[in-house]
C-alpha cells in the first residue's frame, strides 16, 4: 500500500512558491499550511522549486507530492508521537530542467507568497550572476522571477508578493531585498521594476525553530510498517516549533496561522527572539557537534548521554553563551534548559554530520557574536568557544577535495565528507597542511567578516587546541573542561 491510497488531495490554487524541497520546510511551513487548509483559513497550495542541481524530485512525482510528517518527542512533559499526511504541496519542479514551468509560476494570479530556505550561504549578492537564462544564485533566480511577474502583470500594484525567507541570517528579509535591488541595478532593469519591488512587495524577516531530522534511513522500514503504507519522503521532526515573522506591513489577514493555535508570532521587532534562539539553540549545536563528531559520536542524543560531551555542551551554553543574551537571565536559562531537553529527544536521531553542513557560515552567524561579547565583557577569550573554533578547523582539515566534497577522517579511521561552499572547501584543501594554516584561517575575512587574529592570543590558543584535538580529541576535551 502506498501513501496515495491514504489521502484525498483537494484542488487548491497555488498561493506559495517555495525555493527548497528540503526536510525543514516540508516539516515546518508546508506542515503549518496543511493545517491551515484543513481549518479553512488558507485554501492554497505550494509549488516547490528545487533551486540547485543536486538531488532528485522523483519521489515527489511518484507520490503525487504527498508525504508524511512524524512529530516525536516531549511536549509539556508528555510523550508525543503523531503523524500527518501533508497535502499542501501541489507541484514540485527543478527550475533548471523545467525553466518554462518555473517562469510560468510568476504568471499565476493566485500567487501571494515566496518562501525560501537556501541555508545561510544562500542569500548572497554575486555581482557576476547572469540575467540570461537561469541565474546561478537564489537572489538572482528570485530577481528574474519577480521581473517576470512585473512584466506579465504590467507592474500592477496588487500583484506584488510577500517574501518569507527562513534562512538563518539576521534581517534575512532585508538582506534578500538588498540583493534583489542590487541585481536590478547591475542588470539595468527598468526603474519602474525597482519601485514595484520596493512599494508592492513585502520582504519579511523571519525566525524559525524546529529540529527536523528528515528521512529515517536506519528505520524507514519499521516506520512505514507502523504507518501502514510506503512513503519515500517521510519527514521526522520534534513537536516544538516557533515561527516569528517581522514585517513593516500587517500580513496577518492573509496568513492567520496564529488564529488556529499554530506557534506563529507576528511582530515588528524579532531581534530578542532571534538572539535567544540563534545563540542558545543553534549556538549550542555549532559549538559542539564538530568536536562531538571528532570525539566519535554520531547523533545529538549521544552527545547528551556522554558525560564529557554533555558537560561541554552545558558549560559552553550556560557559562559562555547564556550570559551574553540581552534578555532577563532567568528566561534565557529556562530556554536553555528546554533546549537541553530537546537535544535528549528519544525519537530523533539528529546526525552531527547533517548539522555540520556549511559550518563556516554557521559559526560566524551562531557563535562569533557570543565570542565577541565574551571578549568584550570579560576581557579574555572564552575558553570553550575558542576550543569549538579549533575543533571546526580540525574537522575541516583535509587536502582530499573531490567533486562531491572534501573528504577527511576521524581518529578511528572513519571517512566523512565535508559539505560547504566550493570556495571554502578549496581554501582548506589548499591550506590545511601549510605551516601557517591556523593564522590564515583566523585571518580569512571572507569567512568571518573580520580578522580574528586581532583578538589577543587567539591564534596561539586556537593552535594549541587544534594540535591537541588532532592528536587526541578525548584528552583535549578532558583538559579544556578542567
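Residue numbers (the numbering used here): 24 to 505. Backbone N, C-alpha and C define an ideal beta-carbon position, used for all residues, glycine too. Quick caveat: nothing in here was measured; it's all calculated off a predicted structure.
**Report entry** Whether residue 287 touches residue 268 by CB criterion (8 Å)
**Finding:** Indexing the chain shown from 1 puts residue 287 at position 264. Indexing the chain shown from 1 puts residue 268 at position 245. By the CB criterion at 8 Å, residue 287 and residue 268 fall inside the cutoff.
Query - Unbroken stretches of the beta strand (DSSP E), 3 residues or longer, contained in the region 272–308 - result: Within the region 272–308, the beta strand (DSSP E) runs of at least 3 residues that lie entirely inside it are, in chain order, 287–290.
Query raised in the report: Quick one: what's got a C-beta closer than 7 Å to residue 143's C-beta in the same chain, skipping five residues either side?
Result: Here residue 143 refers to the residue found at position 120 of the chain shown. Spatial neighbours of residue 143 in its own chain (CB-CB distance under 7 Å, excluding positions within 5 residues in sequence) are listed in chain order as 190, 191, 192, 381, 384, 385 and 388.
Requested in this report: Check the C-beta distance from residue 471 over to residue 391 and give it rounded, since I have them as a contact under 8 Å.
Outcome: Counting from 1 along the chain shown, the entry for residue 471 is found at position 448. Counting from 1 along the chain shown, the entry for residue 391 is found at position 368. Between residue 391 and residue 471 the Cβ distance is about 6 Å, and since that is below 8 Å, they are a contact.
Query raised in the report: So residue 57 and residue 91 are in contact, right, with Cβ under 8 Å, and what is the actual spacing, rounded?
Result: Working through the chain shown from its first residue, we reach residue 57 at position 34. Working through the chain shown from its first residue, we reach residue 91 at position 68. Residue 57 to residue 91, Cβ: 11 Å. No contact.
Report task. Since I believe residue 447 is in contact with residue 465 (beta carbons under 8 Å), could you give me their beta-carbon distance rounded to a whole number of angstroms? Result -> Stepping through the chain shown from its first residue, residue 465 is reached at position 442. Stepping through the chain shown from its first residue, residue 447 is reached at position 424. That pair is no contact at about 15 Å.
Report task. Take residue 293 as the anchor and find which of 333, 197 and 148 has the nearest alpha-carbon. Result -> Translated into positions along the chain shown, residue 293 becomes position 270. The candidate whose alpha carbon is nearest that of residue 293 is 197.
Query raised in the report: Could you give the C-beta distance for residue 229 and residue 162, rounded to a whole number, given that I count them as a contact under 8 Å?
Result: Position 206 of the chain shown, counting from 1, holds the residue named residue 229. Position 139 of the chain shown, counting from 1, holds the residue named residue 162. Distance from residue 229 to residue 162 at the Cβ level is roughly 16 Å; contact not present, criterion being Cβ atoms closer than 8 Å.
Report task. Sort 260, 167 and 232 by Cα distance to residue 370 and report the nearest one. Result -> On the chain shown, position 347 is the one that residue 370 refers to. Among 260, 167 and 232, the Cα nearest to that of residue 370 belongs to 260.
Report task. Starting from the C-beta of residue 20, find all residues in its chain whose C-beta is less than 7 Å away, skip the five residues before and the five after it, and write them out in chain order. Result -> Not covered by the structure: residue 20. The range shown for the chain is 24 to 505.
**Report entry** Contact set for residue 420: own chain, Cβ-Cβ below 6 Å, skip 5 residues either direction
**Finding:** In the chain shown, the residue the question calls residue 420 occupies position 397. So the list reads 455, once near-sequence residues are dropped.
Query raised in the report: Expressed to the nearest angstrom, what Euclidean distance is found between the alpha-carbon atoms of residue 285 and residue 491?
Result: Position 262 of the chain shown, counted from the first residue, corresponds to residue 285. Position 468 of the chain shown, counted from the first residue, corresponds to residue 491. Rounded to the nearest angstrom, the two C-alpha atoms are 47 Å apart.
Query - Residue interval of the alpha helix (DSSP H) (run including residue 171) - result: Stepping through the chain shown from its first residue, residue 171 is reached at position 148. Boundaries of the alpha helix (DSSP H) harbouring residue 171: 161–175, taken from the DSSP string.
**Report entry** Assumed close pair residue 30, residue 80 - CB separation to whole angstroms, cut-off 8 Å
**Finding:** On the chain shown, position 7 is the one that residue 30 refers to. On the chain shown, position 57 is the one that residue 80 refers to. In fact, because the Cβ distance is near 19 Å, the residues do not count as touching under 8 Å.
Query raised in the report: On the three-pair Cβ rule with 8 Å, is the region 432–441 touching the region 400–409?
Result: Counting Cβ pairs under 8 Å, fewer than three are found: no touch.
Report task. Work out the CA separation of residue 255 and residue 321 for me, nearest whole Å. Result -> Taking the first residue of the chain shown as position 1, residue 321 is located at position 298. Taking the first residue of the chain shown as position 1, residue 255 is located at position 232. Taking the straight line joining both Cα atoms gives about 23 Å.
Query raised in the report: Tell me which same chain residues have a C-beta within less than 7 Å of the C-beta of residue 304, skipping the five on either side of it?
Result: Along the chain shown, one-based indexing puts residue 304 at 281. Same-chain partners within the cutoff: 232 and 362.
Requested in this report: Take residue 145 as the anchor and find which of 115, 252, 443 and 376 has the nearest alpha-carbon.
Outcome: On the chain shown, position 122 is the one that residue 145 refers to. Per the Cα distances, 443.
**Report entry** 7 Å CB neighbourhood of residue 489 in its chain, flanking five on each side removed
**Finding:** Residue numbering aside, residue 489 sits at position 466 when the chain shown is read from its first letter. Non-local beta-carbon contacts of residue 489 in its own chain, meaning distances under 7 Å to residues more than five positions away in sequence, involve 413, 416, 417 and 461 in chain order.
Requested in this report: My understanding is that residue 137 touches residue 71, with C-beta atoms under 8 Å, so please give their C-beta distance in whole angstroms.
Outcome: Here residue 137 corresponds to residue number 114 of the chain shown, with the count starting at 1. Here residue 71 corresponds to residue number 48 of the chain shown, with the count starting at 1. 12 Å between Cβ atoms; not a contact.
Query raised in the report: By the 10 Å Cβ neighbour count, where 16 or more other Cβ atoms means buried, how is residue 258 classified, buried or exposed?
Result: In the chain shown, the residue the question calls residue 258 occupies position 235. With 16 or more other Cβ atoms within 10 Å, it is buried.
Query raised in the report: Where do the ends of the beta strand (DSSP E) carrying residue 39 lie?
Result: Position 16 of the chain shown, counted from the start, is the residue given in the question as residue 39. Segment 37–42, the beta strand (DSSP E) holding residue 39.
Report task. Kindly give me the distance between the Cβ atoms of residue 298 and residue 356, rounded to whole angstroms, as I take these residues to be in contact under 8 Å. Result -> Taking the chain shown and counting its residues from 1, one reaches residue 298 at position 275. Taking the chain shown and counting its residues from 1, one reaches residue 356 at position 333. Rounded to the nearest angstrom, the Cβ distance from residue 298 to residue 356 is 15 Å, too far for a contact under 8 Å.
**Report entry** Supposed contact pair residue 107 and residue 54 - C-beta distance, whole angstroms, cut 8 Å
**Finding:** The residue given as residue 54 occupies position 31 in the chain shown. The residue given as residue 107 occupies position 84 in the chain shown. Contact between residue 54 and residue 107 holds: CB atoms are separated by about 7 Å, below the 8 Å threshold.
Query - Chain-order list of residues whose beta-carbon lies under 8 Å from that of residue 296 (same chain, five-residue window excluded) - result: Position 273 of the chain shown holds residue 296. Closer than 8 Å at Cβ, skipping near neighbours: 230, 265, 267, 288 and 290.
Requested in this report: Could you tell me the boundaries of the alpha helix (DSSP H) in which residue 382 lies?
Outcome: For the purposes of this step, residue 382 is taken as residue 359 along the chain shown, with counting starting at 1. First-last of the alpha helix (DSSP H) with residue 382: 382–389.
Query raised in the report: In whole angstroms, what separates the C-alpha of residue 223 from that of residue 184?
Result: Working through the chain shown from its first residue, we reach residue 223 at position 200. Working through the chain shown from its first residue, we reach residue 184 at position 161. Per the coordinates, the alpha-carbon of residue 223 lies some 7 Å from the alpha-carbon of residue 184.
Query raised in the report: Since residue 207 and residue 166 are thought to touch, with beta carbons under 8 Å apart, how far apart are those beta carbons, to the nearest angstrom?
Result: Start at 1 with the first residue of the chain shown, and residue 207 comes out as number 184. Start at 1 with the first residue of the chain shown, and residue 166 comes out as number 143. Contact flag correct, Cβ pair sits at about 6 Å.
Query raised in the report: Just to confirm, are residue 339 and residue 310 a CB contact at a threshold of 8 Å?
Result: Residue numbering aside, residue 339 sits at position 316 when the chain shown is read from its first letter. Residue numbering aside, residue 310 sits at position 287 when the chain shown is read from its first letter. In this structure, residue 310 lies closer than 8 Å to residue 339 by Cβ.
Query raised in the report: Which residues does DSSP pair with residue 431 in a beta bridge?
Result: The residue given as residue 431 occupies position 408 in the chain shown. Answer is 439, bridged to residue 431.
**Report entry** Outcome for residue 43 when other beta-carbon atoms lying within 10 angstroms are tallied against a minimum of 16
**Finding:** For the purposes of this step, residue 43 is identified with residue 20 of the chain shown, where counting begins at 1. Classification for residue 43: buried.
Query raised in the report: Quick one: what does DSSP say residue 116 is sitting in, helix, strand or coil?
Result: Position 93 of the chain shown, counted from the first residue, corresponds to residue 116. Strand at residue 116.
Query raised in the report: If residue 117 and residue 73 are in contact, beta carbons under 8 Å, what's the gap, nearest whole angstrom?
Result: Here residue 117 refers to the residue found at position 94 of the chain shown. Here residue 73 refers to the residue found at position 50 of the chain shown. In this structure, residue 117 and residue 73 form a Cβ contact; the two beta carbons are roughly 5 Å apart against a cut-off of 8 Å.
Requested in this report: Please list the segments of the beta strand (DSSP E) lying wholly inside the region 46–112, counting only runs of 3 or more residues, in order along the chain.
Outcome: Within the region 46–112, complete beta strand (DSSP E) segments of at least 3 residues are found at 68–73, 90–98 and 101–109, given in chain order.
Query raised in the report: Can you give the Cα-Cα distance for residue 283 and residue 276, rounded to whole angstroms?
Result: The count along the chain shown starts at 1 and reaches residue 283 at position 260. The count along the chain shown starts at 1 and reaches residue 276 at position 253. Each residue's alpha carbon lies about 13 Å from the other.
Query raised in the report: Among the residues of its own chain, which have a CB less than 6 Å from the CB of residue 46, if the five just before and after it don't count?
Result: Here residue 46 is taken as the residue at index 23 of the chain shown, counted from 1. Its chain contains 235, 237 and 258 as the residues whose beta carbon lies nearer than 6 Å to that of residue 46, once the 5 sequence neighbours on both sides are disregarded; these appear in chain order.
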